[in-house]
Amino acid sequence: MRNALRAAAISTLALAAAACTTAGGTGVAVNANMAVPAGNFDFVGWDGYLGGGDSSQYSALDQINRSNVSQLEVAWTYETGPGQPPIFSPTIGGGRMYVQNGAGKLVALDPATGRELWVSDLDGRVGIRGVNYWESADGREGRLMVLNNGILRAVDAATGRMIPSFGTNGGVDLRDALPRDVAMPNAPLMTNNPGRIYKNTIIVSLPAGAYDYASAPANIHAYDVITGELKWAFNVVPREGEYGYDTWPTGEDRAKYGGVHNWSESTVDTELGIVFIPTGTPRYDFYGGNRAGDNLFGNSLLALDAETGERIWHFQTVHHDLWDFDLPVAPKLMTITRNGQRIPIVIQVVKHGFIFAFDRRTGEPIWPIEERAVPASDVPGERASPTQPFPTWPQPYMRMEFTEDDINPYLPQADQDALRNSLRNEWRNDGLFTPPSLRGSISMPGHNGGANWGNVAVDPVRQRLYIVSRELPLLLKINPDNRAEALAAMPNAEEDNIPYRWPVNFMLQSNGMVAIKPPFSNLTAYDMNTGNQIFQIPNGEILTLEQQGITGVGAQAPRSGPIVTAGGLLFVNTASDRAFRARDADTGEILWEHRFDAATEGVPAVYMVNGRQYITVPVGGVGHFLGGLGLPEPGPSRYVTFALPQGRN
Numbered sequence: 000m001r002n003a004l005r006a007a008a009i010s011t012l013a014l015a016a017a018a019c020t021t022a023g024g025t026g027v028a029v030n031a032n033m034a035v036p037a038g039n040f041d042f043v044g045w046d047g048y049l050g051g052g053d054s055s056q057y058s059a060l061d062q063i064n065r066s067n068v069s070q071l072e073v074a075w076t077y078e079t080g081p082g083q084p085p086i087f088s089p090t091i092g093g094g095r096m097y098v099q100n101g102a103g104k105l106v107a108l109d110p111a112t113g114r115e116l117w118v119s120d121l122d123g124r125v126g127i128r129g130v131n132y133w134e135s136a137d138g139r140e141g142r143l144m145v146l147n148n149g150i151l152r153a154v155d156a157a158t159g160r161m162i163p164s165f166g167t168n169g170g171v172d173l174r175d176a177l178p179r180d181v182a183m184p185n186a187p188l189m190t191n192n193p194g195r196i197y198k199n200t201i202i203v204s205l206p207a208g209a210y211d212y213a214s215a216p217a218n219i220h221a222y223d224v225i226t227g228e229l230k231w232a233f234n235v236v237p238r239e240g241e242y243g244y245d246t247w248p249t250g251e252d253r254a255k256y257g258g259v260h261n262w263s264e265s266t267v268d269t270e271l272g273i274v275f276i277p278t279g280t281p282r283y284d285f286y287g288g289n290r291a292g293d294n295l296f297g298n299s300l301l302a303l304d305a306e307t308g309e310r311i312w313h314f315q316t317v318h319h320d321l322w323d324f325d326l327p328v329a330p331k332l333m334t335i336t337r338n339g340q341r342i343p344i345v346i347q348v349v350k351h352g353f354i355f356a357f358d359r360r361t362g363e364p365i366w367p368i369e370e371r372a373v374p375a376s377d378v379p380g381e382r383a384s385p386t387q388p389f390p391t392w393p394q395p396y397m398r399m400e401f402t403e404d405d406i407n408p409y410l411p412q413a414d415q416d417a418l419r420n421s422l423r424n425e426w427r428n429d430g431l432f433t434p435p436s437l438r439g440s441i442s443m444p445g446h447n448g449g450a451n452w453g454n455v456a457v458d459p460v461r462q463r464l465y466i467v468s469r470e471l472p473l474l475l476k477i478n479p480d481n482r483a484e485a486l487a488a489m490p491n492a493e494e495d496n497i498p499y500r501w502p503v504n505f506m507l508q509s510n511g512m513v514a515i516k517p518p519f520s521n522l523t524a525y526d527m528n529t530g531n532q533i534f535q536i537p538n539g540e541i542l543t544l545e546q547q548g549i550t551g552v553g554a555q556a557p558r559s560g561p562i563v564t565a566g567g568l569l570f571v572n573t574a575s576d577r578a579f580r581a582r583d584a585d586t587g588e589i590l591w592e593h594r595f596d597a598a599t600e601g602v603p604a605v606y607m608v609n610g611r612q613y614i615t616v617p618v619g620g621v622g623h624f625l626g627g628l629g630l631p632e633p634g635p636s637r638y639v640t641f642a643l644p645q646g647r648n
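All residue numbers for the sequence shown refer to numbering that gives the first Met the number 0, where the first residue is 0 and numbers rise by one.
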């Protein structure tokens, strides 16, 4: 089944009978006269995570623009109180803004003033990254679809109260629709992925049941927004008779294979009726000797019929993943012009540095994707894939190796010497796709590097792609686990195929800094009509280096949510310098900057109320991977909203 692209697809779209050809060996019938969707998405409202179901992180509002952005001022602030610093992306719907407080409660605010309207009555954990708003056709009812302690609930957007008629006693346990023979988790399945709303359907992706060898599959479910009734389910680990079944081992332990979780984000094309789901790594993430094969639909971009859940096409970006190179970024939609033809595309940015682009109707790659030979594993029992997919274009957005020449010069000399010795004499370091090893392997980009949730935005009008990257090498050193209970828990365990465990090592050094030299983060822009880079610049700073006069290095491990606007602006937040910046979207030049007294992470929201445009950003805490840098104690956690001065809009 290994063809030139290692992709396969079937078409459930209405492809009118015309001169048809086969797309790149994928098996998809391509109609030369296939209609190009208009792309009429709502780029003014902000009614869901990342702005809405299209996941563009783009606003068509242009009241704030290049000419006046320097006048931005704080319009209002809402303090979230003690507890979890906010990374929750604000959602606006029904005349209210929905955020999360430090206690994890959903809160509704007046979006023009920040006045608190209600605090939800839900007990227990609510996803910390965002929520989606649904409104009835007549506009009389608004609902927030919320995952609460693993139970899907509908919340009255006007009051914050749970709607008891949804599901059973007000909720749906996501485990109920799992096949009965899988490794059923004991606890409810909770994820920070808020899912996507399509018409009157909420499409949710289950998390994997355990961070271990035996795990529930993270299937994709669709439920009726009003009743909670299950509409369809898609098996991410194919069942017997389903496509991809033979990419996993068969046998009595088959039902214990799991993972393949869309823990991150997803996107809905409302015009084509397709939901695009990027999936994660099969369990166990760093050793797969017991799961020989490509392991579909792990590490794949899935295009599913949003009405039925039927697979339209898919592409696997990593075969038999051993690096935790899951797909953490929402697919991005736009229509480009290439060779004189308008092509609706879906862009999948992956954490290991590549950009994959496809015709979103068919899965046909926009630029060729090659299967190239990669290093073999030297771990007993492991059978790494001999090849992996490499996009020939666009060029990668980040570094893909970490050598002695790349050691961070701002580390203490003892740290530099130790890294140099280990790179020279101890660790395996064969470039991208170096498999984990017993002596330790360098993974660059590592599984917490590259792009991650919320790090990618597009301008679908001007066909631009913007990526915030994290430069963070990783050491993958796995150890055999011969405990009887470990062997018993491992599916398909054999005498020469035992479990291996992997202690996390992000290679943070004694001064809290990453091992690799600057830039620690980049902001990269592409023209997707050509695939050419427009610019690549360091993204942000580190406060402790700034105090020494060292700048231009990029922020450390940002969880930044870039936002593009029709005003020609690119807003980006960074935590290690506690900054929020407006940049020229054409050049990356800083046009305005605001510094906070705490980190800023997550995705801002852009919206308009009563003719005034606002932008709200979450602020709080020290920041991800920043605890050892010696940054000042953070100020209060809060949401900060900016606007032009009254009367100047």
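The C-beta atom is built at its ideal place from N, Cα and C for all residues, glycine as well.
Whole-Å CB distance - Glu678 paired with Arg580, under 8 Å assumed: With the chain covering only 0 through 648, there is no way to say anything about residue 678.
If you draw a straight line from the C-alpha of Ala329 to the C-alpha of Trp262, how long is it? The sequence position of residue 329 within the sequence shown is 330, counting from 1. The sequence position of residue 262 within the sequence shown is 263, counting from 1. Using only the alpha carbons, I get a separation of about 11 Å.
Using 10 angstroms around the beta-carbon of Gly629, count the other beta-carbons present and answer buried if the total reaches 16, otherwise exposed. Sequence index remark: in the sequence shown, residue 629 carries index 630 (1-based). Burial call: exposed.
Taking just the CA atoms, how far does Asp61 sit from Thr640? Taking the first residue of the sequence shown as 1, we reach residue 640 at position 641. Taking the first residue of the sequence shown as 1, we reach residue 61 at position 62. Each residue's Cα considered, the two are about 17 Å apart.
Please go through the same chain and pick out, in chain order, the residues whose beta-carbon is closer than 8 Å to the beta-carbon of Ala625, but skip the five residues on each side of it. Residue mapping note: residue 625 aligns to position 626 of the sequence shown, counting from 1. Note that residue 625 is Leu in the sequence shown, not Ala. Gly511, Gln555, Ala556, Ala574, Ser575, Ala598.
Quick one, which of Pro184, Val224, Asn191 has its alpha-carbon nearest Asn199's? Position 200 of the sequence shown, counting from 1, holds the residue named residue 199. Nearest C-alpha to Asn199: Val224.
Tell me whether the beta-carbon of Val349 lies closer than 9 Å to the beta-carbon of Phe324. Taking the first residue of the sequence shown as 1, we reach residue 349 at position 350. Taking the first residue of the sequence shown as 1, we reach residue 324 at position 325. Yes. Within cutoff.
Select from Arg95, Met443, Arg419, Leu418 the residue whose C-alpha is nearest the C-alpha of Ile430. Counting from one through the sequence shown, the residue named residue 430 turns up at place 431. A quick correction: the sequence has Gly, not Ile, at residue 430. For Gly430, the nearest C-alpha among the options comes from Met443.
Skipping 5 residues on each side, what residues in its chain have a beta carbon closer than 6 Å to that of Glu400? Within the sequence shown, the letter at position 401 stands for residue 400. Taken in chain order, the residues that qualify are Gly430, Met443.
The beta strand (DSSP E) with Thr543 in it runs from where to where? Counting from 1 along the sequence shown, the entry for residue 543 is found at position 544. Per DSSP, Thr543 belongs to no beta strand (DSSP E); it is in the alpha helix (DSSP H), 542-545.
Three or more C-beta pairs closer than 8 Å, one from the segment 139-146 and one from the segment 154-167: is that the case here? yes
Helix, strand or coil for Asn521? Go by DSSP, reduced to three states. In the sequence shown, the residue the question calls residue 521 occupies position 522. Three-state DSSP puts Asn521 in a strand.
Considering only the beta carbon of each residue, do Lys331 and Ser55 sit closer than 9 Å? Taking the first residue of the sequence shown as 1, we reach residue 331 at position 332. Taking the first residue of the sequence shown as 1, we reach residue 55 at position 56. Yes; because the gap between Cβ atoms is below 9 Å, this pair is in contact.
Beta strand (DSSP E) containing Glu370: first to last residue? Looking up residue 370 in the sequence shown gives position 371. Where Glu370 is concerned, the enclosing beta strand (DSSP E) stretches over 368-372.
Helix or strand or just coil, what does DSSP make of Leu14? As a first step, residue 14 is located in the sequence shown; it is residue number 15 there, counting from the start. Confidence in Leu14 is poor, its pLDDT being 28 and thus under 50, which makes the residue's placement unreliable; the coordinate value appears in the next sentence. Looking at Leu14 - three-state DSSP - the assignment turns out to be coil, as it is neither helix nor strand.
Do you know offhand how far Glu632's Cα is from Asp155's? Reading the sequence shown from its first residue, position 633 is the one you call residue 632. Reading the sequence shown from its first residue, position 156 is the one you call residue 155. Straight-line Cα distance between these residues: approximately 37 Å.
Looking only at its own chain, which residues have a Cβ that is under 6 Å from the Cβ of Pro193, when we skip the five neighbours before and after it? Locating residue 193 in the sequence shown gives position 194, where the first residue counts as 1. Closer than 6 Å at the Cβ level, and outside the excluded window around Pro193, lie Tyr48, Gly126, Gly129, Val130, Asn131.
Contacting residues, own chain, Cβ-Cβ under 7 Å from Gly138 (five flanking each side not counted): Taking the first residue of the sequence shown as position 1, residue 138 is located at position 139. There are no such residues.
Exposed unless 16 or more other CB atoms sit within 10 angstroms - verdict on Asp245: Mapped onto the sequence shown, residue 245 falls at position 246. That one is exposed.
Whose C-alpha, out of Thr316, Gln508, Leu486, Gly587, is nearest the C-alpha of Gln532? Translated into the one-based positions of the sequence shown, residue 532 becomes position 533. Per the Cα distances, Gly587.
Contact check, Glu78 vs Ser636 under 8 Å by CB: the rounded distance? Here residue 78 is taken as the residue at index 79 of the sequence shown, counted from 1. Here residue 636 is taken as the residue at index 637 of the sequence shown, counted from 1. Going by Cβ atoms, the distance from Glu78 to Ser636 rounds to 7 Å, so yes, they are a contact pair.
Can the beta-carbon of Phe42 be found less than 9 Å from the beta-carbon of Ala604? Here residue 42 is taken as the residue at index 43 of the sequence shown, counted from 1. Here residue 604 is taken as the residue at index 605 of the sequence shown, counted from 1. No, they are not a contact pair.
Between the Cα of Ala649 and the Cα atoms of Gln612, Leu542, Glu239, Val608, which residue gives the shortest distance? An answer regarding residue 649 cannot be provided, because it is not within the stretch 0 to 648 covered by the chain.
Count the other CB atoms, across all protein chains shown, that sit within 10 Å of the CB of Arg341; report buried if there are 16 or more and exposed otherwise. Here the question's residue 341 lines up with position 342 in the sequence shown. Its Cβ having fewer than 16 others within 10 Å, Arg341 is exposed.
Helix, strand or coil: which one does DSSP assign to Asn199? On the sequence shown, position 200 is the one that residue 199 refers to. Here Asn199 sits in coil by DSSP.
Use the C-beta contact count for Asn298: other C-beta atoms within 10 angstroms, 16 or more gives buried, fewer gives exposed. Sequence index remark: in the sequence shown, residue 298 carries index 299 (1-based). Asn298 should be labelled buried.
Just to confirm before moving on: does the CB-CB distance between Gly352 and Pro379 stay below 9 Å? Reading the sequence shown from its first residue, position 353 is the one you call residue 352. Reading the sequence shown from its first residue, position 380 is the one you call residue 379. Going by C-beta atoms, Gly352 is not nearer than 9 Å to Pro379.
Can you say whether Thr391 is buried or exposed, counting buried as having 16 or more other CB atoms within 10 angstroms of its CB? Along the sequence shown, read from residue 1 onward, the residue named residue 391 stands at position 392. Exposed, because fewer than 16 other Cβ atoms sit within 10 Å of the Cβ of Thr391.
Check for me: the beta strand (DSSP E) holding Arg463 runs from which residue to which? Reading the sequence shown from its first residue, position 464 is the one you call residue 463. Here the beta strand (DSSP E) through Arg463 covers 463-469.
Bridge partners of Gln535, per DSSP? In the sequence shown, residue 535 corresponds to position 536, counting from 1. Bridge partners of Gln535: Thr523.
Relative to the alpha-carbon of Leu522, which residue among Asp583, Asp414, Arg647 has its alpha-carbon at the smallest distance? Locating residue 522 in the sequence shown gives position 523, counting from the first residue. Checking every option, the nearest Cα to that of Leu522 belongs to Asp583.
So does the segment 447-455 actually touch the segment 490-498, counting three or more Cβ pairs closer than 8 Å? no
Please state whether the Cβ-Cβ distance between Pro517 and Val552 is less than 9 Å. Here residue 517 is taken as the residue at index 518 of the sequence shown, counted from 1. Here residue 552 is taken as the residue at index 553 of the sequence shown, counted from 1. The answer is yes: Cβ separation under 9 Å.
Keeping to the same chain, check which residues put their C-beta closer than 8 Å to that of Phe296; ignore five residues upstream and five downstream. For the purposes of this step, residue 296 is identified with residue 297 of the sequence shown, where counting begins at 1. Once the five neighbours on either side are set aside, the close Cβ partners of Phe296 are Val235, Val236, Pro237, Gly243, Val259, Thr278, His313, Gln315.
Exposed or buried, which one is Arg152 when buried takes at least 16 other CB atoms within 10 Å? Sequence index remark: in the sequence shown, residue 152 carries index 153 (1-based). Answer is buried; the Cβ neighbour count reaches 16.
Taking just the CA atoms, how far does Asn168 sit from Lys476? Here residue 476 is taken as the residue at index 477 of the sequence shown, counted from 1. Here residue 168 is taken as the residue at index 169 of the sequence shown, counted from 1. About 47 Å.
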